[in-house]
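In terms of the working numbering, the sequence shown opens at residue 43 and continues consecutively. The beta-carbon is built from N, C-alpha and C at its ideal position, and this holds for glycine as well.
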Amino acid sequence: MYIASRSLRMAFAGILLVTAAIYLTGNAQEEKATDTPAPSQIGTDIDISSDRDTFEYFLSTLGEKELGEVQKAYNEFAGTVSYGEQQATLFEKYLTYRESIASVQSPDGLSGIEYLKFIHEKMQQLQASAFSTQEQSKLFYEENLAREMTIKKAELKALGVDDQTFHDLWQDTLNTLPPDMKESYQNAELLGNINSLASLNEDEKSYRLTALVGEEAASRIQVLEQEERAFHASVQTYLQARETLLNDNSYSDAERLQAITDLRSSRFSSDNHRRVQGLESLDDTEKNRAL
Numbered sequence: 043m044y045i046a047s048r049s050l051r052m053a054f055a056g057i058l059l060v061t062a063a064i065y066l067t068g069n070a071q072e073e074k075a076t077d078t079p080a081p082s083q084i085g086t087d088i089d090i091s092s093d094r095d096t097f098e099y100f101l102s103t104l105g106e107k108e109l110g111e112v113q114k115a116y117n118e119f120a121g122t123v124s125y126g127e128q129q130a131t132l133f134e135k136y137l138t139y140r141e142s143i144a145s146v147q148s149p150d151g152l153s154g155i156e157y158l159k160f161i162h163e164k165m166q167q168l169q170a171s172a173f174s175t176q177e178q179s180k181l182f183y184e185e186n187l188a189r190e191m192t193i194k195k196a197e198l199k200a201l202g203v204d205d206q207t208f209h210d211l212w213q214d215t216l217n218t219l220p221p222d223m224k225e226s227y228q229n230a231e232l233l234g235n236i237n238s239l240a241s242l243n244e245d246e247k248s249y250r251l252t253a254l255v256g257e258e259a260a261s262r263i264q265v266l267e268q269e270e271r272a273f274h275a276s277v278q279t280y281l282q283a284r285e286t287l288l289n290d291n292s293y294s295d296a297e298r299l300q301a302i303t304d305l306r307s308s309r310f311s312s313d314n315h316r317r318v319q320g321l322e323s324l325d326d327t328e329k330n331r332a333l
């Protein structure tokens, strides 16, 4: 059963960019660029699913690397692909757009639906000022649609209608979408319902889950949940072992990096390496904040 969707992973990404600290500073380019890969991307492949996925792959290392280093790394990649020259031009536009997001400030006292509408309008204005109509569609269609659907859902909830009426109105809205996008939002709705069962005891959760998705799918989900719990337990054990290596001064930097790579490879399949590295980065960030 397909539940997750790239379009939903991008939901309200624009708002996150506005409210989060964006690491695109002018003095970053003064730093000397290096070819050393960012720790979070060691052992990963460049995401070439789309232009935007490629851009975000490189920009995701900001904070680990300076902007000048990120640009250098991207330009080296662009020089290896046939479409690199054209994409590099779009990347420069995308950088300018990302920088412009940091200047967006919402009026005082704006909240709820009005805040969502304000952000949506501002993001579209910034997109229109930086990109052609075709480029906007290619880069931001899913993100913009996600914001529109979030606003629409909030407006329907604000009507104060009963659950069945709300469900019918929301379904009418989904029916206006292309089939693949409709399926994504329906799956996201189902995922939300499944997640809401987390606080129930196992018997009640199993009963409600079966009612939502059927017995066969419920069994598969329960197996996946067990696998996920086992994975996270393995990650915690791994992070503790990694912490020991990080604090072991008998290693050189290169030896320590290799030891951690070997440890990761011995504990997890290659399919999980990128995910584990993301959790490593998160763990490092949390520890740094605690200092």
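Distance check for residue j and residue i, CA to CA, integer angstroms please.
i, j, result
"K74", "F119", "Its pLDDT being 39, under 50, K74 is placed unreliably in this model, and the coordinates cannot settle the point."
"Q166", "D290", "50 Å"
"F133", "N217", "35 Å"
"F160", "S92", "28 Å"
"T103", "G121", "20 Å"
"R205", "Y183", "Residue 205 is actually Asp in this sequence, not Arg. Distance between the alpha carbons of D205 and Y183: 30 Å."
"A240", "E231", "15 Å"
"L254", "P81", "41 Å"
"Q319", "A144", "28 Å"
"E297", "I84", "15 Å"
"R306", "I263", "27 Å"
"R94", "L181", "6 Å"
"T252", "L324", "34 Å"
"L152", "E269", "43 Å"
"A200", "R317", "38 Å"
"V277", "T303", "14 Å"
"E267", "K114", "41 Å"
"S308", "S148", "49 Å"
"M191", "M223", "11 Å"
"N314", "T286", "21 Å"
"D295", "G105", "20 Å"
"G154", "V146", "17 Å"
"T215", "S226", "13 Å"
"S174", "N237", "39 Å"
"V112", "L101", "7 Å"
"Q128", "H209", "45 Å"
Going by alpha carbons, who is nearest to residue i out of the options?
i, options, result
"A275", "N235, A253 and L321", "L321"
"R140", "Q169, Y157, Y125 and A80", "Q169"
"Q228", "L242, S238, N237 and W212", "W212"
"Y326", "Q282, T122, D95 and H162", "Contrary to the premise, residue 326 reads as Asp rather than Tyr in this sequence. That would be Q282, whose Cα lies nearest to the Cα of D326."
"V123", "E111, I90 and K107", "I90"
"R189", "T207, H162, S174 and L109", "H162"
"L109", "D87, L137, I88 and Y280", "L137"
"D87", "S312, A332 and R331", "S312"
For residue i, does the count of other Cβ atoms within 10 angstroms reach 16, so buried, or fall short, so exposed?
i, result
"T131", "exposed"
"K329", "exposed"
"Y116", "buried"
"K164", "buried"
"V265", "exposed"
"A260", "buried"
"T96", "buried"
"V203", "exposed"
"Y99", "buried"
"E244", "exposed"
"E185", "buried"
"S292", "exposed"
"Y378", "Residue 378 cannot be examined here, being either before or after the span of the chain that is shown, 43 to 333."
"S179", "exposed"
"E258", "exposed"
"S47", "Bear in mind that a pLDDT of 45 at S47, under 50, signals an unreliable position, so the number given afterwards is only what the model happens to contain. S47 should be labelled buried."
Consult DSSP for residue i and reduce its assignment to one of helix, strand or coil.
i, result
"L104", "strand"
"Y136", "helix"
"F310", "coil"
"S292", "coil"
"K241", "What sits at residue 241 in the sequence shown is Ser, not Lys. Here S241 sits in coil by DSSP."
"Y125", "coil"
"A80", "coil"
"I143", "helix"
"V203", "coil"
"D87", "coil"
"T279", "helix"
"P221", "helix"
"S153", "coil"
"G256", "coil"
"F173", "coil"
"S92", "coil"
"S148", "coil"
Shorter than 8 Å from the beta carbon of residue i to some beta carbon of chain C?
i, result
"T327", "Within the model displayed, chain C is absent; a lone protein chain is all it includes."
Worksheet item: Are three or more beta carbon pairs between the segment 180-196 and the segment 147-162 nearer than 8 Å?
Response: Contact holds: three or more Cβ-Cβ distances are below 8 Å.
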